[in-house]
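Residue numbers (my numbering): 56 to 232.
C-beta: ideal position from N, C-alpha, C; glycine also.
Quick caveat, the model's predicted, so the values are computed rather than measured.
Step one of this worksheet: look at the structure below.
Okay, here's the thing in C-alpha cells:
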C-alpha cells in the first residue's frame, strides 16, 4: 500500500449497503485523495443441479436495470452470517428445494474498484423438493430449468448477462467432475 488512511466516515447507512469515504494520503508525495466505498455484507449464490443434469435458475425483475434477468438463486448475507447458511436459505426461499450436498465452488469480488461485496458460490446437489418461502417483492420470480449447453448459449447470445451467474457457471465447468 502506497498510502495511509487519514480519516474514515460513513456518509450513508442503507438497507442493502453503506457508503464510506476514506481520506487517504500518498506516502511519497503527501498528496491527499479520497476513496468512496459501497460497504456491502456480501452474499451467497447457489447453482442447484438436478439429477437429470439441468440447472435451476430464476427469472426476476432487477430494479436498477429495469429488466427481468435470468440468474442463479442468490441473496445477501445477514450480519455475521455464515455464507453456507445463507446459501441454504436462499436455495429454499427462491426455488423451494433443499439439498443434502452443498459444495463451495469459490468466491468473487463483484466490483472491487468501489464495492466490498464478496459473493460465495456453491453447488447444490441431491435436491429435495419442498416449499417456496419468497420474500416480499419476489412473488413474481419464475423458476427455469436449463441444461448447461442451453445456459452457455444464453450467455453467448447475451440473454444471460448477470455476472454472478456467469461466474457460477464458469466455476462449475472448472470443477473436477
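Query	Result
Given 8 Å, three or more beta-carbon pairs between the region 221 to 231 and the region 168 to 184	yes
Among 162, 169, 184, 145, the one whose alpha carbon lies nearest that of residue 227	162
Rounded Cβ spacing between residue 141 and residue 95 (contact assumed at less than 8 Å)	The Cβ separation is near 13 Å, so there is no contact.
Cβ-based neighbour list, residue 138, same chain, cut-off 6 Å, excluding 5 preceding and 5 following	99, 175
Other residues of its chain near residue 130: CB distance less than 8 Å, five sequence neighbours each side excluded	98, 99, 141, 144, 145, 148, 149
Closest by C-alpha distance to residue 185, when choosing among 154, 86, 210	154
Residue 230 and residue 160 closer than 8 Å at C-beta	yes
With 16 other Cβ atoms within 10 Å as the buried cut-off, status of residue 217	buried
Proximity test, residue 220 beta-carbon vs the ligand MN heavy atom, cut-off 7 Å	The model depicted lacks the ligand MN and carries no ligand whatsoever.
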